[in-house]
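**Student:**
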Amino acid sequence: MTTILTEMSSRLDQYLLCSTLLQPGSLKTPYSRYTTVHFVAPEDHEPIDAIVDERQSQITDLTHEIKRVQMLCQKLRAVETKLKEGRTRVQESQRFHRALMSPIRRLSPEILAEIFCHCLPENPPIPHAKTIPLVLTRVCQRWRSIAMATPQLWSSLTIPIRQVVNDEYRLQYDTWMARAKSVPLVLVVENIYHIDPLMITPCLLDWLRRLFNRCCDFFWRGYFMAGLLTGSCVMELLERLKIYYFERSGSPSIDIDSNASRLRSVSLSLPNNADSIDRITLPWSQLTGLDMYGVELRWADIFRLFEICTCLQGANFSLPYEDDLQAVIPGSVINHSLKLLAIDAWVSRLGGLLFDALVLPSLEELEIAFHHPDDDRWPHTQFTSFLTRSGRPLKKLEVCGKNSVSDYLSEYRALLPSCTFKIL
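Everything in the sequence shown is counted per my numbering, starting at 5 for the first residue and increasing by one.
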């Protein structure tokens, strides 16, 4: 083919040389200067007619040659198109074979599986063909085999209750979780839509309890479901529990005290009408983390939690605004393990009551936020007494919404020389 194209190119060069002969010579005639003449003498008619006939012959010859060149160009364009198509196929083949040698194809299945796990979204996904991990099974046979054989990819998911009231959906979720094998589950259950109570069958409750028994991390979000988190619900693998109940969820009841021996971290967001922990039974004494932000418990319940959570290292509370507590016995509430405490309060008086009551000899970090726009008083006296009773262990103090605390910073720096202060 190259020889043919070379020969064609050589002949084309020859043609270009010859084509100069095809170009008409000088087109000037004795009459070319008559551009402004509007009268031709009778004796000039015949010579001019001869010139016109000659020009017509030249036009015919050039038109014929143009058609031949156009036909040749059309054939060359067809050849060009085929050559480009061939080049595209060769490039695709090159990319394919180059990809065969790409670094990712040299990775072992174990390393590739680890990479897959790092692709998982931060929050457990609702199963979908276009998201991790299902999308990994659609890349190639090797990736599919590795993904299907990696239990960690299938151990986290979000389950909408409005789907699993249907038996068919429960079967699909069972198929998904079977791929997790014995890996503990990270599970989010969403009950965010009002569902006919008749659809909450004993079969559905039993199915959910079986899932809970496989969970190390469980998050319930939505409306309370009666009879679910009770003593019959075994959670032997559970380490972290997060419950966010919607408003108007009724008075929720939780009883998993004796069935969650590994539980260490709990986050509860309860309806406003659930202002007591009397209906909540958890293994309080083994908890190391407790988040009750936004839950307006009674003072008695807050003090009780400080006392019964004997292993607590981090806690977050919202102080009750409408409780009628006026005074406490200084130093009456002691917790020896707490290292980090975050407090959300409406007015200074509430912070003062808390500081009056507490003794926290292990406390290293304190974060407290106030929200009343017209109350800028800082409970200085109660705070310094709290520091003295606790042995001044504080290493970090963060105060939000109380600029008046700045008036006492020099005194606090003297009391707490190794403490850092942040006033927002």
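Cβ atoms here follow ideal geometry from the backbone N, Cα and C, with glycine treated the same way. Just so it is clear, the structure is predicted and the values come from calculations on it, not from any experiment.
1. May I ask you to report which of helix, strand or coil DSSP gives residue 458?
2. Do three or more CB pairs link the stretch 259-269 to the stretch 233-248 at distances below 8 Å?
3. Residues in the same chain with beta-carbon distance under 6 Å from residue 168, minus the five sequence neighbours each way, listed in chain order, please.
4. Grouping DSSP H, G and I as helix and E and B as strand, with all else coil, what is residue 88?
5. Spell out a yes or no on whether the stretch 411-422 and the stretch 366-374 are touching, meaning 3 or more CB-CB pairs, one atom from each, closer than 8 Å.
6. Please report how far the alpha carbon of residue 191 lies from the alpha carbon of residue 411, in whole angstroms.
7. When DSSP labels each residue in this structure, what does residue 3 get in the three-state scheme?
8. Excluding the 5 residues preceding and the 5 following residue 199 in the sequence, name in chain order all residues of the same chain whose CB lies nearer than 7 Å to its CB.
9. Given a cut-off of 8 Å, decide if residue 344 and residue 315 are closer than it, judged by their beta-carbon atoms.
10. Return the CA-CA distance between residue 80 and residue 12, expressed in angstroms with no decimal places.
11. Does DSSP put residue 224 in a helix, in a strand, or in coil?
12. With DSSP run on the structure shown, which of helix, strand or coil describes residue 217?
13. Would you please state the rounded distance, in angstroms, between the beta carbons of residue 298 and residue 273? I believe it to be under 8 Å.
14. Could you tell me the distance, in whole angstroms, from the CA atom of residue 150 to the CA atom of residue 406?
15. According to DSSP, is residue 426 helix, strand or coil?
16. Looking only at its own chain, which residues have a Cβ that is under 8 Å from the Cβ of residue 97, when we skip the five neighbours before and after it?
17. Taking one C-beta from the stretch 227-234 and one from the stretch 174-184 each time, how about it: are there three or more such pairs within less than 8 Å?
18. So residue 150 is in the alpha helix (DSSP H); what residue range does that whole segment cover?
19. Spatial neighbours of residue 371 within its chain, please: C-beta separation below 6 Å, excluding the five flanking residues on both sides.
20. Going by the CB atoms, is the gap between residue 308 and residue 429 shorter than 8 Å?
21. Determine the closest residue to residue 205 out of 171, 215 and 271, with distance taken between C-alpha atoms.
22. Does residue 266 come out as helix, strand or coil in the three-state DSSP assignment?
23. State the CB to CB distance for the pair residue 44 and residue 52, rounded to an integer number of angstroms; the pair is presumed to be in contact (CB under 8 Å).
24. Are the Cβ atoms of residue 390 and residue 362 separated by less than 8 Å?
25. According to the neighbour-count rule (16 or more other Cβ atoms, all chains shown, within 10 Å of its Cβ), is residue 352 buried or exposed?
26. Rounded to whole angstroms, what's the CA-CA distance from residue 408 to residue 220? Just pull it up for me.
27. For the beta strand (DSSP E) that residue 347 lies in, which residues bound it at each end?
28. Evaluate residue 395 with the Cβ neighbour count: other Cβ atoms within 10 Å of its Cβ, from every protein chain shown; 16 or more gives buried, anything less gives exposed.
29. State the Cα-Cα distance for the pair residue 135 and residue 109, rounded to the nearest angstrom.
30. Tell whether a beta-carbon distance below 8 Å holds between residue 226 and residue 196.
31. Between which residues of its own chain and residue 124 is the CB-CB distance below 6 Å, once the five residues before and five after are set aside?
**Tutor:** This is what the structure holds:
1. In the structure displayed, the chain extends from 5 to 428; residue 458 sits before or after that span and is not available.
2. yes
3. Residue mapping note: residue 168 aligns to position 164 of the sequence shown, counting from 1. If we look at residue 168 and ignore the five residues flanking it on each side, its Cβ neighbours are 174.
4. Numbered from its first residue, the sequence shown carries residue 88 at position 84. It is helical.
5. Touching, no, given that fewer than three Cβ pairs across the two stretches are closer than 8 Å.
6. Taking the sequence shown and counting its residues from 1, the one referred to as residue 191 is at position 187. Taking the sequence shown and counting its residues from 1, the one referred to as residue 411 is at position 407. Looking at the two C-alpha atoms, the distance is approximately 48 Å.
7. In this structure the chain extends from 5 to 428, so residue 3 is not present and cannot be described.
8. Translated into positions along the sequence shown, residue 199 becomes position 195. Here the set comprises 165, 166 and 169.
9. Along the sequence shown, read from residue 1 onward, the residue named residue 315 stands at position 311. Along the sequence shown, read from residue 1 onward, the residue named residue 344 stands at position 340. Going by C-beta atoms, residue 315 is not nearer than 8 Å to residue 344.
10. Indexing the sequence shown from 1 puts residue 80 at position 76. Indexing the sequence shown from 1 puts residue 12 at position 8. Using only the alpha carbons, I get a separation of about 11 Å.
11. For this step, residue 224 is matched to residue 220 along the sequence shown. In the structure shown, residue 224 sits in a strand (DSSP, three-state: E or B).
12. Residue mapping note: residue 217 aligns to position 213 of the sequence shown, counting from 1. If DSSP states are grouped into helix, strand and coil, residue 217 belongs with coil.
13. Taking the first residue of the sequence shown as 1, we reach residue 298 at position 294. Taking the first residue of the sequence shown as 1, we reach residue 273 at position 269. At roughly 6 Å, the Cβ-Cβ gap stays under 8 Å, so residue 298 and residue 273 are in contact.
14. Along the sequence shown, read from residue 1 onward, the residue named residue 150 stands at position 146. Along the sequence shown, read from residue 1 onward, the residue named residue 406 stands at position 402. C-alpha separation (whole angstroms): 55 Å.
15. If you number the sequence shown from 1, residue 426 lands on position 422. In the three-state DSSP reduction, residue 426 falls in the strand class (E or B).
16. Locating residue 97 in the sequence shown gives position 93, counting from the first residue. Nothing meets the Cβ criterion.
17. no
18. For the purposes of this step, residue 150 is taken as the residue at position 146 of the sequence shown. First-last of the alpha helix (DSSP H) with residue 150: 145-152.
19. Against the sequence shown, residue 371 aligns to sequence position 367. Same-chain partners within the cutoff: 346 and 402.
20. Only positions 5 to 428 of the chain appear in the structure, and residue 429 is not among them; the question remains open.
21. Start at 1 with the first residue of the sequence shown, and residue 205 comes out as number 201. That would be 171, whose Cα lies nearest to the Cα of residue 205.
22. Translated into positions along the sequence shown, residue 266 becomes position 262. The answer is coil: DSSP assigns residue 266 none of H, G, I, E or B.
23. The residue labelled residue 44 in the question sits at position 40 within the sequence shown. The residue labelled residue 52 in the question sits at position 48 within the sequence shown. 7 Å between Cβ atoms; contact.
24. Within the sequence shown, residue 390 is the residue found at index 386, counting from 1. Within the sequence shown, residue 362 is the residue found at index 358, counting from 1. Their beta carbons are under 8 Å apart, which means residue 390 touches residue 362 by this criterion.
25. Taking the sequence shown and counting its residues from 1, the one referred to as residue 352 is at position 348. Around the Cβ of residue 352, a 10 Å sphere holds 16 or more other Cβ atoms; the residue is buried.
26. As a position in the sequence shown, residue 408 is number 404, starting the count at 1. As a position in the sequence shown, residue 220 is number 216, starting the count at 1. Taking the straight line from one Cα to the other gives about 44 Å.
27. In the sequence shown, counting from the first residue as 1, residue 347 sits at position 343. Counting along the chain, the beta strand (DSSP E) containing residue 347 begins and ends at 344-349.
28. To locate residue 395, count along the sequence shown from 1; it is residue 391. Result: exposed.
29. Translated into the one-based positions of the sequence shown, residue 135 becomes position 131. Translated into the one-based positions of the sequence shown, residue 109 becomes position 105. In a straight line, the C-alpha of residue 135 is about 22 Å away from that of residue 109.
30. Your numbering for residue 226 matches position 222 in the sequence shown. Your numbering for residue 196 matches position 192 in the sequence shown. Yes, the Cβ-Cβ distance between residue 226 and residue 196 is below 8 Å.
31. Numbered from its first residue, the sequence shown carries residue 124 at position 120. Excluding positions up to five away in sequence, the list reads 136.
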